[in-house]
Amino acid sequence: MKTVEIWDLPTRLFKWSLVMLVALSWGTGGQSGTAFIVHVVSGYLIALLILFRIVWGFVGGEHARFAGFLRGPGAVLRHLGTLFGAKGEAHLGHTPAGGWMILLMLGWVAAIVVTGLLSRGEGYAGPLWPYLGGEGLAEVHETLVEILPFIVGVHVVGVLLGGAAAKQSLILAMVSGRKEATELPPGTADAKPAAPRTALIALSLMAALGAVAFLATDFAGLNAQASPEPLEDEGGERD
Ligand code: HEM
Numbered sequence: 002m003k004t005v006e007i008w009d010l011p012t013r014l015f016k017w018s019l020v021m022l023v024a025l026s027w028g029t030g031g032q033s034g035t036a037f038i039v040h041v042v043s044g045y046l047i048a049l050l051i052l053f054r055i056v057w058g059f060v061g062g063e064h065a066r067f068a069g070f071l072r073g074p075g076a077v078l079r080h081l082g083t084l085f086g087a088k089g090e091a092h093l094g095h096t097p098a099g100g101w102m103i104l105l106m107l108g109w110v111a112a113i114v115v116t117g118l119l120s121r122g123e124g125y126a127g128p129l130w131p132y133l134g135g136e137g138l139a140e141v142h143e144t145l146v147e148i149l150p151f152i153v154g155v156h157v158v159g160v161l162l163g164g165a166a167a168k169q170s171l172i173l174a175m176v177s178g179r180k181e182a183t184e185l186p187p188g189t190a191d192a193k194p195a196a197p198r199t200a201l202i203a204l205s206l207m208a209a210l211g212a213v214a215f216l217a218t219d220f221a222g223l224n225a226q227a228s229p230e231p232l233e234d235e236g237g238e239r240d
C-alpha cells in the first residue's frame, strides 16, 4: 500500500516523549524523596522539549511548521462541521481545530513548567523562586495540573473523531510518520523536510541548553529538598 510521509522524526519523538514525561511528572508530583527529584528533572526535560518544538515550529518539516497548521476561524468552523457530517475531510497535517488545540496544549504545559520553576512549597523552592516567585504560584501550578486531563481528554477525543471523519488512523500516522495515499488528495507528495543544516543547528542548540541547565542545577541541594523540612517564612532561601 502506498503511503505518504507527513510527520518528520523530530516531531514524532517530541510528541511521544512529551506524553511520557507528562505522565512521569504527573505520577511523581506532590511527593518527596526520589520521586520529587524525578518530578523536577522531568519538568526540565519538558521545558526543553517545548522550547525545541517552538523552534521546530519555525524551521521544522513542512507539516510541523506553525504557519502551516494555524488557520483562521472560517477554516476551523468548516472543519468542526465535517467532524459530525457524513463527508469527512482528510488533512495532510494537523486539522484546523487540532492545530489550535496543539498550541493550547503547548502553552498549558509550558505554564505548568514555568509556575513550577517559580513556586515555593513545603520544603521546596523552585530555582526561579528567589528572582520572580510569588506566594500562590504553587496553587496556580496545581490548578493548571488538575485541569490538564480535561484538555488532554478533548485532544484525544478530537484525534479519534477527526481520524474517524477522515477515515485515517491519526495515531498510527503519529507513530510511523506516514498516512495512506488513498486517503489523501491524489498526487499528494511527501512533506518537505527541514533543511538538514537548520535541523542540526536547532537540535544542537537544544542539547547545549539542556547541558547548561543540568550543569547549573544543584542536584545535592535538590536532594536535600527532596526530604523536606519546612522552609523559613521569609525570603524562601534555604540556608
Ligand atoms: C499528556 C498527554 C498528551 C499531550 C501533552 C499531547 C500533546 C500533543 C501535541 C503537542 C501534539 C502536536 C504534535 C506536534 O505537532 O508537535 C499532539 C499530537 C497528537 N497527539 Fe497528543 N498528546 C497527549 C496525549 C495523546 C494521546 C493519549 C494520544 C493517543 C490517543 C495522542 C495522539 C495524538 C495524535 C494522533 C496527534 C497528531 C494529531 C494530528 O494528526 O493532527 N496524544 N499531541
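Using our numbering, the letters of the sequence shown map in sequence onto residues 2 to 240. Beta carbons: idealized from backbone N, C-alpha and C, even for Gly.
State yes or no: is the C-beta of Leu19 nearer than 7 Å to some heavy atom of the ligand HEM? Yes, since a heavy atom of the ligand HEM falls inside the 7 Å radius drawn around the Cβ of Leu19.
Out of His95, Leu119, Gly124, point me to the one whose CA is closest to Glu1's CA. This structure does not reach residue 1, given that the chain is present from 2 up to 240, and the question cannot be answered.
Taking only the alpha-carbon atoms, compute the straight-line gap between Pro131 and Trp27 and give it to the nearest angstrom. 25 Å
Can you find the residues in the same chain that come closer than 8 Å, C-beta to C-beta, to Gly237, ignoring five residues on each side of it along the sequence? At Gly237 the pLDDT is 42, less than 50, meaning the model places this residue with poor confidence; the figure from the coordinates comes in the next sentence. Result list for Gly237: Arg121, Ala126, Trp130, Pro131, Gly134, in chain order.
Among the candidates Gly164, Arg179, Leu185, Trp109, whose CA atom is the shortest distance from the CA of Leu149? Trp109
Taking only the alpha-carbon atoms, compute the straight-line gap between Leu173 and Gly222 and give it to the nearest angstrom. 43 Å
Once the 5 residues before and after Leu201 are set aside, which same chain residues still bring their CB inside 7 Å of it? Contacts found: none.
Who are Gly122's beta bridge partners in DSSP? Tyr125
Going straight from the alpha carbon of His291 to that of Thr116, what length do you get? Any answer about residue 291 is impossible in this case: the structure gives the chain only from 2 up to 240.
Ignore the nearest five residues each way along the sequence and tell me which others in Leu138's own chain have a CB closer than 7 Å to its CB. So the qualifying residues of the chain are Thr116, Leu119, Ser120.
Looking at the unbroken alpha helix (DSSP H) that takes in Thr4, where does it start and where does it end? It is not in any alpha helix (DSSP H) - Thr4 instead sits in the beta strand (DSSP E) that spans 4-6.
Between Ala195 and Val60, is the Cβ-Cβ spacing less than 8 Å? yes
Take the Cβ of Arg79 as the centre, count every other Cβ of all protein chains shown within 10 Å, and call the residue buried at 16 or more, exposed below. exposed
Are at least three pairs of beta-carbons, each pair with one atom in the segment 161-172 and one in the segment 30-39, less than 8 Å apart? Taking a contact to require three or more Cβ pairs closer than 8 Å, the segment 161-172 and the segment 30-39 do not qualify as touching.
Presumed contact (8 Å Cβ cut-off) between Gly159 and Glu6, rounded CB distance: Actually they are not in contact, since the Cβ atoms of Gly159 and Glu6 sit about 23 Å apart, beyond 8 Å.
Cα-Cα separation, Phe15 to Phe85: 30 Å
With distance defined between alpha-carbon atoms, name the residue in Asp219, Ala212, Thr144, Val77 nearest to Gly163. Val77
Straight-line CA distance for Gly75 to Phe67? 17 Å
Residue of Val20, Arg72, Val42 minimising C-alpha distance to Met106: Cα-wise, what sits closest to Met106 is Val20.
Alpha carbon to alpha carbon, how far is Gly73 from Glu184? 24 Å
State buried or exposed for Ala192, treating a residue as buried only when at least 16 other CB atoms are found within 10 Å of its CB. buried
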